[in-house]
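Worksheet for the structure shown next.
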Amino acid sequence: MMKLKQTYEETRQKRMEENKKRMEELNLTKLSQSLLSKPSPVKKAKPRISRSPVALTPVRRSNRVADKPPVSYKEVPIEPLARPRRSYQRRDLLNRVYASDEVRIYAIHRADQIQSSLGADFPSFVKPMLQSHVTGGFWLGLPVPFCKARLPHYDEMITLEDENGDESETKYLAGKTGLSGGWRGFAIDHDLVDGDALVFQLVSPTKFKVYIVRAYDSDDNEDQENTKDNEVKDNTEDKEDEEKIEENGKVSDATDLNRRYPKRIRASKK
């Protein structure tokens, strides 16, 4: 063990001496000492250069562009094109109109007459109005066979045009076969109530011509007929009264004559 330690120390000393000789040959010791002692160089401040004032002269331009205003490349944000929403007042639900069966049948009958007069050039159907269509839910379900055969099989905007040519946009839902968005505004604008009947005529793939039959025009007609009957009765009663007065006048004249000339009448009898 002692021998191994001595050999190791000897080889180590030899290696260190060899390294030291090599460093001296390469002058590495002097270089390392110079690096340690040499300070870092101080940075010199650069003198500021005074800028000459810029002459405020107009920029040279071509004669073709000189008279035109300067072009601005600033990006202008595009405002969103928002559609103005209609504001409708809520109806008084206490003043709802509930149509009777007679009024409803009368309106449907008149709507059938209008539908038959339209001809077969454009398909059409009659839709009676209920509370859920006008004042309740504002949803209008259309006939399923008509929708499957005539209307698009996807959601689409459909235009409703009334007799005056005013148009309203409504949202057609193909899955539910009915009109949703926009139907509420159409019902309120046209004062639709329970019992009215509408004739829908499909004049284009996404446009209906709508004919409105008012349910309560029948009451007005009945009132007019009643007033006419009353006028006829009043006229007949007046004529009868006049005839009675004339007859009474003749009788009174005869009695007056008898009272004035009683002797002459008796003499003629002898």
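Numbering follows this note's numbering, with no gaps: position 151 of the sequence shown is 153.
Just so you know, even glycine gets a beta-carbon here, dropped at the ideal spot from N, CA and C.
Euclidean distance between Cα positions of residue i and residue j
| i | j | result |
| --- | --- | --- |
| A199 | V136 | 12 Å |
| F127 | S102 | 22 Å |
| Q35 | R53 | 47 Å |
| Y90 | N166 | Its pLDDT being 47, under 50, Y90 is placed unreliably by the model, and nothing is read from it. |
| L175 | K150 | 12 Å |
| G177 | E158 | 11 Å |
| K45 | I51 | 18 Å |
| K211 | R66 | 57 Å |
| L28 | A47 | 38 Å |
| G338 | G138 | In the structure as shown, the chain begins at 3 and stops at 272. Residue 338 is therefore absent and cannot be evaluated. |
| T208 | P154 | 8 Å |
| I190 | P71 | 52 Å |
| R17 | L30 | 17 Å |
| L162 | D69 | 53 Å |
Element boundaries [beta strand (DSSP E), containing residue i]
| i | result |
| --- | --- |
| I214 | 209 to 215 |
| L2 | This structure leaves residue 2 out entirely; the chain is present only between 3 and 272. |
| L175 | 169 to 175 |
Terminal residues of the alpha helix (DSSP H) in which residue i lies
| i | result |
| --- | --- |
| A189 | 185 to 191 |
Which residues DSSP lists as bridging residue i, in chain order
| i | result |
| --- | --- |
| L181 | L142, Y174 |
Rounded Cβ spacing between residue i and residue j (contact assumed at less than 8 Å)
| i | j | result |
| --- | --- | --- |
| L132 | D196 | 6 Å |
| R112 | F140 | The Cβ separation is near 24 Å, so there is no contact. |
| F188 | S170 | 5 Å |
| Y213 | I107 | Actually they do not touch by this definition, with Cβ atoms about 18 Å apart. |
| R152 | P125 | 6 Å |
| V215 | A109 | 5 Å |
Contact test: residue i Cβ vs the ligand MN heavy atom, cutoff 6 Å
| i | result |
| --- | --- |
| E165 | Among the components modelled here there is no ligand, and therefore nothing to report on the ligand MN. |
CB contact below 7 Å: residue i versus chain C
| i | result |
| --- | --- |
| D191 | Among the chains in the structure shown there is no chain C, since it carries only a single protein chain. |
Query raised in the report: Along the chain, which unbroken stretches of the alpha helix (DSSP H) at least 4 residues long are found entirely within the segment 93 to 163?
Result: Runs of the alpha helix (DSSP H) inside the segment 93 to 163: 103 to 120, 146 to 152.
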